[in-house]
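The next block holds one structure in the form of structure tokens; read it before the comments.
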Ligand SMILES: *Cc1c(COP(=O)(O)O)cnc(C)c1O
């Protein structure tokens, strides 16, 4: 088998890239996949080698063949200067912030940001003397008015993973770069397959690998891709200085998940959209938040910048009593009630962000529920929800 260079792999369509990247049978005794290599100490054959640190891997915390294989595959689909691996999606949000901010800096964060990222800003960054301003996710180029002389970073997430506002990333990047601020984007919803973060100028592209990349609800992991070699060096230094590592088993499982990610998304995206359309027609549903729906407020931006959709979206129900919502959700056969998403199984999770949104108050008349659509037959999912709605009605 001929080994393709990174330049050759970059010319491939994503599905082929996900198959050939991050493996080299020559290095793994001919086996198709890289082995799980575990290790702390790396031995040097001679004093000269040791003094020159002449080794492909200097020490376990610097990576090993298994983690390197995953980095390579992710780097190939992100198209940036380099990728670091971290042990959770949350850490993929926090480590780049620690890499690019210092005491006295100011940062702008979208009000629709993943809640634990918000907690990190409020609890840790503020203690380190970093000031955070939350902004309306729909602000676009208007974000210029929120910049201060010390604004060093803008954190974006599009669409928001509960409320699904689509941000105008190119407009925000334009404003930020004109003021020498870096732009971070939590791109977990679309993945690099459906949103080319670096192509739009995003400096740090963040993935919760826990979701679609790993894809089977059995791994916690994350990654950050840097747009330029300088940004990558800064990121790698922060990761190294903090001592951040991921387990080889998790890297192996995530690489295994990546092999089928394009295929899963090609099924799950349209399946989610069909379920969103079906829910929209239900009398119990007040509105559906899914940017691929033609009448969604974020549809124009989504259509302009994204090349596909994943299978996560939300609905607002007409007001019902909590007991009635429980009657529906407690007895579903296919939809589990739990956090996280991106696996092969469907989920339905109530959420309420009214207590912490600060720039854009969040008010709904009825309860809001987030759906993740897995790989089940859609007829089964529709029947499950239809029965749930009937239970909800009966419980009044
Ligand atoms: C789940 C999630 C994360 C965090 O991932 P974990 O691996 O659960 O820490 C970050 N951002 C978004 C948008 C997520 O949905």
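In this note's numbering, the protein residues as written are 5 to 400.
We treat Cβ as the ideally placed atom computed from N, Cα and C, and that holds for glycine.
How about residue i and residue j: do their beta carbons lie closer than 8 Å?
| i | j | result |
| --- | --- | --- |
| residue 295 | residue 168 | yes |
| residue 369 | residue 353 | no |
| residue 328 | residue 392 | no |
| residue 91 | residue 239 | no |
| residue 217 | residue 85 | no |
| residue 87 | residue 186 | no |
| residue 453 | residue 114 | Since the first residue shown for the chain is 5 and the last is 400, residue 453 is missing from the structure and cannot be characterised. |
| residue 162 | residue 173 | yes |
| residue 32 | residue 64 | no |
| residue 197 | residue 251 | no |
| residue 192 | residue 93 | yes |
| residue 204 | residue 309 | yes |
| residue 225 | residue 102 | no |
| residue 26 | residue 269 | no |
| residue 166 | residue 358 | no |
| residue 338 | residue 380 | yes |
| residue 119 | residue 348 | no |
| residue 320 | residue 372 | yes |
Taking the DSSP output, what are the residues bridged to residue i?
| i | result |
| --- | --- |
| residue 354 | 373 |
| residue 320 | 291 and 372 |
| residue 189 | 160 and 209 |
| residue 111 | 136 and 157 |
| residue 230 | 86 and 208 |
Looking at residue i and ligand 1, is the gap between the Cβ and the nearest heavy atom below 7 Å?
| i | result |
| --- | --- |
| residue 344 | yes |
| residue 360 | no |
| residue 243 | no |
| residue 212 | yes |
| residue 190 | yes |
| residue 347 | no |
| residue 97 | yes |
| residue 118 | yes |
| residue 127 | no |
| residue 340 | no |
| residue 224 | yes |
| residue 93 | yes |
| residue 161 | yes |
| residue 165 | yes |
| residue 15 | no |
| residue 240 | no |
| residue 307 | no |
| residue 152 | no |
| residue 215 | yes |
DSSP three-state call for residue i: helix, strand or coil?
| i | result |
| --- | --- |
| residue 402 | With the chain covering only 5 through 400, there is no way to say anything about residue 402. |
| residue 346 | coil |
| residue 340 | strand |
| residue 172 | coil |
| residue 224 | coil |
| residue 366 | coil |
| residue 334 | helix |
| residue 299 | coil |
| residue 401 | With the chain represented from 5 up to 400, any question about residue 401 goes unanswered, as that position is not in the structure. |
| residue 246 | helix |
| residue 388 | helix |
| residue 166 | coil |
| residue 97 | helix |
| residue 127 | helix |
| residue 5 | coil |
| residue 146 | helix |
| residue 58 | coil |
| residue 20 | helix |
| residue 46 | coil |
| residue 284 | helix |
| residue 14 | helix |
| residue 179 | helix |
| residue 393 | helix |
| residue 217 | coil |
| residue 104 | helix |
| residue 118 | coil |
| residue 32 | helix |
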